[in-house]
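Taking the working numbering, the leading residue of the sequence shown gets 8, the next gets one more, and so forth. We put the CB at the ideal spot given by N, CA and C, even for glycine. Just so you know, these numbers come straight off a predicted model, no measurement behind them. Notes to accompany the following structure.
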Amino acid sequence: MVHKQEILRLEHVSKTFELRYHKTLLAVDDVSLSLHKGVCTAIVGESGCGKSTLARMATLLEPVSVGAVFYKNQQIAGMVGGCEQSIRGEALRQYRRNVQMIFQDPGSVFSPRMKIGTFLMEPWIHFEKKNKKEAREQAYYALQRVHLGEEYFDKYPHQLSGGELQRIAIARAIALHPEVLICDEATSALDVSIQQEIIALLKEHQEETHYAIMLISHDLALAENFSQQVVVMYLGRIVEIMDGGALRRQARHPYTKALLASVFSIRDDPNEAIYVLEGEPPSPTGKITGCAFCNRCTCAEEICRKEVPVLRTIEGDHQVACHLV
8 MVHKQEILRL EHVSKTFELR YHKTLLAVDD VSLSLHKGVC TAIVGESGCG KSTLARMATL
68 LEPVSVGAVF YKNQQIAGMV GGCEQSIRGE ALRQYRRNVQ MIFQDPGSVF SPRMKIGTFL
128 MEPWIHFEKK NKKEAREQAY YALQRVHLGE EYFDKYPHQL SGGELQRIAI ARAIALHPEV
188 LICDEATSAL DVSIQQEIIA LLKEHQEETH YAIMLISHDL ALAENFSQQV VVMYLGRIVE
248 IMDGGALRRQ ARHPYTKALL ASVFSIRDDP NEAIYVLEGE PPSPTGKITG CAFCNRCTCA
308 EEICRKEVPV LRTIEGDHQV ACHLV
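Structure below.
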(Lines of atoms letter the chains of each structure in order from A; the text may use other names.)
(Lines give C-alpha, C1' and ligand atoms only; values in the text may rest on other atoms or scores of the structure.)
Protein backbone atom coordinates (compact mmCIF):
# COMPACT_ATOMS: atom_id res chain seq x y z
CA MET A 8 0.00 0.00 0.00
CA VAL A 9 1.29 3.43 -0.95
CA HIS A 10 1.30 5.67 2.11
CA LYS A 11 -0.95 8.71 1.80
CA GLN A 12 -2.28 11.45 4.03
CA GLU A 13 -3.60 10.06 7.31
CA ILE A 14 -7.16 11.17 8.09
CA LEU A 15 -8.27 9.05 11.04
CA ARG A 16 -6.21 7.08 13.56
CA LEU A 17 -7.27 4.67 16.30
CA GLU A 18 -4.44 4.32 18.80
CA HIS A 19 -4.39 1.34 21.19
CA VAL A 20 -8.18 1.40 21.52
CA SER A 21 -10.11 -1.14 23.55
CA LYS A 22 -13.82 -1.47 24.25
CA THR A 23 -15.28 -3.23 27.27
CA PHE A 24 -18.99 -3.82 27.83
CA GLU A 25 -20.44 -4.38 31.28
CA LEU A 26 -22.58 -7.52 31.53
CA ARG A 27 -24.80 -8.94 34.22
CA TYR A 28 -23.44 -10.71 37.28
CA HIS A 29 -20.38 -8.42 37.40
CA LYS A 30 -18.97 -9.82 34.16
CA THR A 31 -17.32 -7.80 31.41
CA LEU A 32 -16.92 -8.47 27.70
CA LEU A 33 -13.78 -7.28 25.92
CA ALA A 34 -15.04 -6.59 22.37
CA VAL A 35 -11.93 -4.79 21.05
CA ASP A 36 -8.50 -5.36 22.56
CA ASP A 37 -5.63 -2.88 22.02
CA VAL A 38 -6.20 -2.11 18.33
CA SER A 39 -4.18 0.50 16.42
CA LEU A 40 -5.26 1.39 12.90
CA SER A 41 -5.00 4.32 10.47
CA LEU A 42 -7.25 5.35 7.58
CA HIS A 43 -5.61 7.24 4.72
CA LYS A 44 -6.93 9.52 2.01
CA GLY A 45 -7.94 7.61 -1.11
CA VAL A 46 -7.34 4.21 0.51
CA CYS A 47 -9.94 1.53 1.24
CA THR A 48 -9.14 -0.49 4.36
CA ALA A 49 -11.16 -3.70 4.71
CA ILE A 50 -11.76 -5.18 8.17
CA VAL A 51 -12.53 -8.91 7.94
CA GLY A 52 -13.15 -11.71 10.42
CA GLU A 53 -15.85 -13.88 11.95
CA SER A 54 -19.02 -12.45 13.49
CA GLY A 55 -18.28 -11.18 16.98
CA CYS A 56 -14.61 -10.40 16.35
CA GLY A 57 -15.12 -6.66 17.04
CA LYS A 58 -15.34 -5.24 13.50
CA SER A 59 -18.56 -3.28 13.98
CA THR A 60 -17.57 -2.13 17.46
CA LEU A 61 -14.35 -0.74 15.98
CA ALA A 62 -16.37 1.12 13.34
CA ARG A 63 -18.74 2.55 15.95
CA MET A 64 -15.80 3.83 18.01
CA ALA A 65 -14.37 5.47 14.89
CA THR A 66 -17.67 7.31 14.35
CA LEU A 67 -17.95 8.12 18.09
CA LEU A 68 -21.19 6.16 18.34
CA GLU A 69 -19.49 4.13 21.08
CA PRO A 70 -17.15 5.64 23.68
CA VAL A 71 -13.60 4.32 23.86
CA SER A 72 -12.80 2.35 27.03
CA VAL A 73 -9.01 2.59 26.59
CA GLY A 74 -6.90 4.38 23.98
CA ALA A 75 -7.65 7.37 21.79
CA VAL A 76 -9.13 8.44 18.45
CA PHE A 77 -7.32 11.07 16.37
CA TYR A 78 -8.77 13.04 13.45
CA LYS A 79 -6.14 14.81 11.36
CA ASN A 80 -3.68 14.27 14.22
CA GLN A 81 -5.96 15.95 16.78
CA GLN A 82 -7.31 13.81 19.61
CA ILE A 83 -11.12 13.82 19.52
CA ALA A 84 -11.93 10.94 21.88
CA GLY A 85 -10.25 8.67 24.39
CA MET A 86 -8.79 8.62 27.85
CA VAL A 87 -7.07 11.72 29.24
CA GLY A 88 -5.76 11.58 32.81
CA GLY A 89 -7.95 8.58 33.55
CA CYS A 90 -11.12 10.33 32.33
CA GLU A 91 -13.03 9.69 29.11
CA GLN A 92 -12.89 12.75 26.85
CA SER A 93 -14.79 13.35 23.62
CA ILE A 94 -15.61 16.30 21.40
CA ARG A 95 -19.11 17.71 21.75
CA GLY A 96 -21.36 20.37 20.32
CA GLU A 97 -20.30 22.01 17.07
CA ALA A 98 -17.00 20.09 16.94
CA LEU A 99 -18.88 16.76 17.06
CA ARG A 100 -21.35 18.04 14.48
CA GLN A 101 -18.56 18.89 12.04
CA TYR A 102 -16.85 15.57 12.71
CA ARG A 103 -20.05 13.70 11.87
CA ARG A 104 -20.23 15.69 8.65
CA ASN A 105 -16.74 14.52 7.63
CA VAL A 106 -16.98 10.94 8.90
CA GLN A 107 -20.08 9.24 7.50
CA MET A 108 -21.33 5.70 8.07
CA ILE A 109 -23.39 3.38 5.84
CA PHE A 110 -25.17 0.65 7.81
CA GLN A 111 -25.91 -2.96 6.91
CA ASP A 112 -29.69 -2.55 6.86
CA PRO A 113 -30.56 0.49 4.70
CA GLY A 114 -34.18 0.43 5.89
CA SER A 115 -33.12 1.14 9.48
CA VAL A 116 -31.93 4.68 8.67
CA PHE A 117 -35.16 5.85 7.03
CA SER A 118 -38.31 7.16 8.64
CA PRO A 119 -41.31 5.45 6.99
CA ARG A 120 -43.16 8.79 7.04
CA MET A 121 -40.38 10.81 5.40
CA LYS A 122 -40.12 11.06 1.64
CA ILE A 123 -36.78 10.28 0.00
CA GLY A 124 -36.41 13.89 -1.14
CA THR A 125 -36.79 15.24 2.40
CA PHE A 126 -34.24 12.69 3.63
CA LEU A 127 -31.73 13.78 0.98
CA MET A 128 -32.28 17.53 1.49
CA GLU A 129 -31.43 17.49 5.21
CA PRO A 130 -27.60 17.63 4.93
CA TRP A 131 -27.65 20.79 2.84
CA ILE A 132 -30.31 22.46 4.99
CA HIS A 133 -28.66 21.67 8.33
CA PHE A 134 -24.95 21.88 7.46
CA GLU A 135 -24.79 24.42 4.63
CA LYS A 136 -27.93 26.44 5.54
CA LYS A 137 -29.31 26.26 2.01
CA ASN A 138 -32.94 27.10 1.35
CA LYS A 139 -35.36 24.39 0.23
CA LYS A 140 -35.08 25.25 -3.45
CA GLU A 141 -31.29 24.98 -3.41
CA ALA A 142 -31.43 21.81 -1.29
CA ARG A 143 -33.91 20.27 -3.75
CA GLU A 144 -31.53 20.88 -6.65
CA GLN A 145 -28.70 19.28 -4.69
CA ALA A 146 -30.93 16.30 -3.87
CA TYR A 147 -31.73 15.83 -7.57
CA TYR A 148 -28.01 15.85 -8.30
CA ALA A 149 -27.39 13.34 -5.48
CA LEU A 150 -29.94 10.98 -7.04
CA GLN A 151 -28.22 11.37 -10.38
CA ARG A 152 -24.85 10.49 -8.82
CA VAL A 153 -26.19 7.11 -7.68
CA HIS A 154 -27.91 6.49 -11.03
CA LEU A 155 -31.48 7.12 -9.89
CA GLY A 156 -34.04 9.42 -11.52
CA GLU A 157 -35.80 12.48 -10.09
CA GLU A 158 -39.01 10.46 -9.74
CA TYR A 159 -37.53 8.92 -6.57
CA PHE A 160 -37.68 12.31 -4.84
CA ASP A 161 -41.38 11.95 -3.91
CA LYS A 162 -41.34 8.26 -3.05
CA TYR A 163 -41.50 6.71 0.41
CA PRO A 164 -38.97 4.09 1.65
CA HIS A 165 -41.48 1.21 1.46
CA GLN A 166 -41.82 1.83 -2.28
CA LEU A 167 -38.12 1.08 -2.92
CA SER A 168 -36.12 -2.15 -3.03
CA GLY A 169 -33.19 -2.86 -0.71
CA GLY A 170 -30.70 -1.97 -3.43
CA GLU A 171 -32.44 1.31 -4.18
CA LEU A 172 -32.55 2.22 -0.48
CA GLN A 173 -28.84 1.47 -0.13
CA ARG A 174 -28.14 3.77 -3.08
CA ILE A 175 -30.14 6.52 -1.36
CA ALA A 176 -28.17 5.93 1.86
CA ILE A 177 -24.91 6.25 -0.11
CA ALA A 178 -26.17 9.40 -1.84
CA ARG A 179 -26.79 11.04 1.52
CA ALA A 180 -23.54 9.77 3.05
CA ILE A 181 -21.42 11.26 0.26
CA ALA A 182 -23.60 14.37 -0.18
CA LEU A 183 -21.24 16.77 1.62
CA HIS A 184 -18.02 15.12 0.38
CA PRO A 185 -16.90 13.44 3.64
CA GLU A 186 -13.28 12.58 4.20
CA VAL A 187 -14.03 9.16 5.69
CA LEU A 188 -16.78 6.71 4.71
CA ILE A 189 -17.37 3.72 7.00
CA CYS A 190 -19.34 0.86 5.44
CA ASP A 191 -20.58 -1.64 8.02
CA GLU A 192 -21.57 -4.71 5.99
CA ALA A 193 -23.19 -2.30 3.54
CA THR A 194 -23.78 -4.95 0.85
CA SER A 195 -24.25 -8.19 2.80
CA ALA A 196 -28.07 -7.97 2.84
CA LEU A 197 -28.32 -7.37 -0.92
CA ASP A 198 -28.52 -9.65 -3.93
CA VAL A 199 -25.18 -10.45 -5.57
CA SER A 200 -25.93 -8.36 -8.67
CA ILE A 201 -26.98 -5.40 -6.50
CA GLN A 202 -23.81 -5.81 -4.39
CA GLN A 203 -21.74 -5.34 -7.53
CA GLU A 204 -23.61 -2.13 -8.40
CA ILE A 205 -23.19 -0.69 -4.90
CA ILE A 206 -19.45 -1.46 -4.79
CA ALA A 207 -19.02 0.02 -8.29
CA LEU A 208 -20.75 3.20 -7.04
CA LEU A 209 -18.47 3.45 -4.00
CA LYS A 210 -15.39 2.89 -6.15
CA GLU A 211 -16.53 5.48 -8.70
CA HIS A 212 -17.06 8.16 -6.06
CA GLN A 213 -13.85 7.31 -4.21
CA GLU A 214 -11.89 7.87 -7.41
CA GLU A 215 -13.59 11.27 -7.75
CA THR A 216 -13.22 12.54 -4.18
CA HIS A 217 -10.42 10.36 -2.71
CA TYR A 218 -12.17 9.82 0.63
CA ALA A 219 -10.89 7.11 2.96
CA ILE A 220 -13.05 4.00 3.31
CA MET A 221 -13.32 1.54 6.18
CA LEU A 222 -15.07 -1.52 4.73
CA ILE A 223 -16.45 -3.97 7.30
CA SER A 224 -17.11 -7.26 5.52
CA HIS A 225 -17.26 -11.06 5.72
CA ASP A 226 -16.62 -11.29 1.97
CA LEU A 227 -12.92 -12.01 1.42
CA ALA A 228 -13.24 -11.76 -2.37
CA LEU A 229 -14.74 -8.28 -2.00
CA ALA A 230 -12.01 -7.26 0.45
CA GLU A 231 -9.29 -8.48 -1.91
CA ASN A 232 -10.68 -6.84 -5.04
CA PHE A 233 -11.94 -3.53 -3.64
CA SER A 234 -9.49 -2.62 -0.87
CA GLN A 235 -5.87 -1.53 -0.86
CA GLN A 236 -5.36 -2.79 2.70
CA VAL A 237 -6.87 -5.78 4.54
CA VAL A 238 -7.00 -6.01 8.34
CA VAL A 239 -7.89 -9.42 9.81
CA MET A 240 -9.41 -9.46 13.29
CA TYR A 241 -9.93 -12.37 15.67
CA LEU A 242 -11.62 -12.07 19.06
CA GLY A 243 -11.10 -8.31 19.28
CA ARG A 244 -7.46 -8.28 18.19
CA ILE A 245 -5.74 -7.61 14.86
CA VAL A 246 -3.87 -10.72 13.76
CA GLU A 247 -2.73 -9.64 10.29
CA ILE A 248 -2.46 -6.49 8.14
CA MET A 249 -1.52 -6.73 4.48
CA ASP A 250 -2.05 -5.31 0.99
CA GLY A 251 -5.52 -6.14 -0.31
CA GLY A 252 -4.36 -7.52 -3.64
CA ALA A 253 -1.96 -9.94 -1.94
CA LEU A 254 -4.51 -11.54 0.40
CA ARG A 255 -4.64 -14.96 -1.27
CA ARG A 256 -0.96 -15.12 -2.20
CA GLN A 257 0.74 -13.82 0.93
CA ALA A 258 -1.53 -14.57 3.91
CA ARG A 259 0.70 -15.87 6.71
CA HIS A 260 -1.39 -16.06 9.88
CA PRO A 261 -3.04 -19.47 10.45
CA TYR A 262 -6.42 -17.79 11.04
CA THR A 263 -6.25 -15.83 7.77
CA LYS A 264 -5.35 -19.04 5.94
CA ALA A 265 -8.29 -20.79 7.62
CA LEU A 266 -10.66 -18.05 6.47
CA LEU A 267 -9.40 -18.34 2.90
CA ALA A 268 -9.72 -22.13 2.98
CA SER A 269 -13.37 -21.83 4.04
CA VAL A 270 -14.38 -19.79 0.97
CA PHE A 271 -16.46 -21.70 -1.56
CA SER A 272 -15.69 -21.53 -5.27
CA ILE A 273 -18.00 -22.31 -8.18
CA ARG A 274 -15.14 -24.47 -9.53
CA ASP A 275 -14.94 -26.68 -6.41
CA ASP A 276 -15.43 -30.40 -6.77
CA PRO A 277 -18.74 -31.25 -5.03
CA ASN A 278 -17.27 -34.62 -3.99
CA GLU A 279 -14.38 -33.07 -2.06
CA ALA A 280 -14.55 -32.65 1.70
CA ILE A 281 -15.56 -29.20 2.96
CA TYR A 282 -12.94 -27.50 5.12
CA VAL A 283 -14.22 -26.73 8.62
CA LEU A 284 -12.33 -24.67 11.20
CA GLU A 285 -12.57 -26.86 14.30
CA GLY A 286 -12.59 -25.88 17.93
CA GLU A 287 -14.18 -23.00 19.80
CA PRO A 288 -12.64 -19.60 20.56
CA PRO A 289 -12.10 -18.76 24.23
CA SER A 290 -14.80 -16.77 25.98
CA PRO A 291 -14.37 -12.98 25.58
CA THR A 292 -15.72 -12.57 29.11
CA GLY A 293 -12.72 -14.28 30.70
CA LYS A 294 -9.01 -13.66 30.81
CA ILE A 295 -7.24 -15.00 27.70
CA THR A 296 -3.71 -16.30 28.22
CA GLY A 297 -1.45 -16.50 25.18
CA CYS A 298 -2.70 -16.49 21.59
CA ALA A 299 -6.50 -16.37 21.36
CA PHE A 300 -6.38 -18.65 18.30
CA CYS A 301 -4.10 -21.37 19.68
CA ASN A 302 -6.95 -23.78 20.63
CA ARG A 303 -8.05 -23.87 16.97
CA CYS A 304 -4.60 -23.74 15.37
CA THR A 305 -3.04 -26.98 14.09
CA CYS A 306 0.45 -25.46 14.34
CA ALA A 307 0.25 -24.19 17.94
CA GLU A 308 3.24 -24.71 20.22
CA GLU A 309 3.83 -24.20 23.93
CA ILE A 310 4.80 -20.54 23.53
CA CYS A 311 1.41 -19.87 21.88
CA ARG A 312 -0.39 -20.89 25.08
CA LYS A 313 1.77 -18.73 27.34
CA GLU A 314 2.52 -15.46 25.50
CA VAL A 315 0.30 -13.08 23.55
CA PRO A 316 1.81 -12.61 20.06
CA VAL A 317 2.69 -9.02 19.15
CA LEU A 318 1.79 -7.55 15.77
CA ARG A 319 5.11 -7.13 13.95
CA THR A 320 6.27 -6.27 10.45
CA ILE A 321 7.60 -9.17 8.39
CA GLU A 322 7.93 -7.40 5.02
CA GLY A 323 6.94 -3.95 3.73
CA ASP A 324 3.46 -3.14 5.05
CA HIS A 325 2.75 -6.77 5.95
CA GLN A 326 2.26 -7.28 9.70
CA VAL A 327 1.44 -10.53 11.51
CA ALA A 328 0.72 -11.38 15.16
CA CYS A 329 2.00 -14.95 15.33
CA HIS A 330 4.91 -16.54 17.19
CA LEU A 331 5.51 -19.05 14.40
CA VAL A 332 5.73 -16.65 11.43
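Spatial neighbours of residue i within its chain, please: C-beta separation below 6 Å, excluding the five flanking residues on both sides.
| i | result |
| --- | --- |
| residue 263 | 239 and 247 |
| residue 84 | 67, 71, 76 and 93 |
| residue 260 | 246, 247, 327 and 329 |
| residue 147 | 157 |
| residue 107 | 180, 185 and 188 |
| residue 149 | 127, 178 and 182 |
| residue 300 | 241 and 262 |
Once you ignore the five residues that flank residue i on each side, which residues in its own chain have a CB closer than 8 Å to its CB?
| i | result |
| --- | --- |
| residue 141 | 131 |
| residue 333 | Residue 333 is absent from the model: the chain starts at 8 and stops at 332. |
| residue 197 | 169, 170, 173 and 205 |
| residue 319 | 326, 327 and 328 |
So, using beta-carbon positions, are residue i and residue j closer together than 9 Å?
| i | j | result |
| --- | --- | --- |
| residue 128 | residue 136 | no |
| residue 220 | residue 42 | yes |
| residue 124 | residue 160 | yes |
| residue 283 | residue 272 | no |
| residue 325 | residue 257 | yes |
| residue 266 | residue 73 | no |
| residue 82 | residue 44 | no |
| residue 295 | residue 289 | yes |
| residue 40 | residue 16 | yes |
| residue 78 | residue 14 | yes |
| residue 178 | residue 153 | yes |
| residue 49 | residue 251 | yes |
| residue 190 | residue 208 | no |
| residue 53 | residue 60 | no |
| residue 38 | residue 243 | yes |
Measure the beta-carbon distance from residue i to residue j and round it to whole angstroms, keeping in mind my assumption that it falls under 8 Å.
| i | j | result |
| --- | --- | --- |
| residue 223 | residue 62 | 5 Å |
| residue 35 | residue 46 | That belief does not hold up - the Cβ atoms of residue 35 and residue 46 are roughly 21 Å apart, past 8 Å. |
| residue 237 | residue 230 | 5 Å |
| residue 337 | residue 117 | With the chain covering 8 to 332 only, the question about residue 337 has no answer from this structure. |
| residue 56 | residue 241 | 6 Å |
| residue 192 | residue 170 | Their Cβ separation, rounded to whole angstroms, is 15 Å, which puts residue 192 and residue 170 out of contact at 8 Å. |
| residue 174 | residue 155 | 6 Å |
| residue 298 | residue 316 | 5 Å |
| residue 181 | residue 194 | With a Cβ gap of about 16 Å, residue 181 and residue 194 do not count as contacting. |
| residue 30 | residue 292 | 5 Å |
| residue 331 | residue 309 | Incorrect: roughly 11 Å between the Cβ atoms, too far for contact. |
So, helix, strand or coil for residue i, using DSSP?
| i | result |
| --- | --- |
| residue 128 | helix |
| residue 24 | strand |
| residue 112 | coil |
| residue 29 | helix |
| residue 18 | strand |
| residue 93 | strand |
| residue 120 | coil |
| residue 281 | coil |
| residue 198 | coil |
| residue 5 | Any answer about residue 5 is impossible in this case: the structure gives the chain only from 8 up to 332. |
| residue 325 | strand |
Between which residues of its own chain and residue i is the CB-CB distance below 7 Å, once the five residues before and five after are set aside?
| i | result |
| --- | --- |
| residue 351 | Outside the modelled stretch of the chain, which goes from 8 to 332, sits residue 351, for which no answer is possible. |
| residue 105 | 185, 186 and 187 |
Worksheet entry | Length at least 4, wholly inside the segment 208 to 277: the alpha helix (DSSP H) runs in chain order | The segment 208 to 277 contains these whole alpha helix (DSSP H) runs: 227 to 233, 254 to 257 and 261 to 268.
Discussion item. Could you tell me which whole alpha helix (DSSP H) segments of length 4 or greater appear in the segment 46 to 88?
Written reply: Entirely contained in the segment 46 to 88, the alpha helix (DSSP H) runs reaching 4 residues are, in chain order, 58 to 65.
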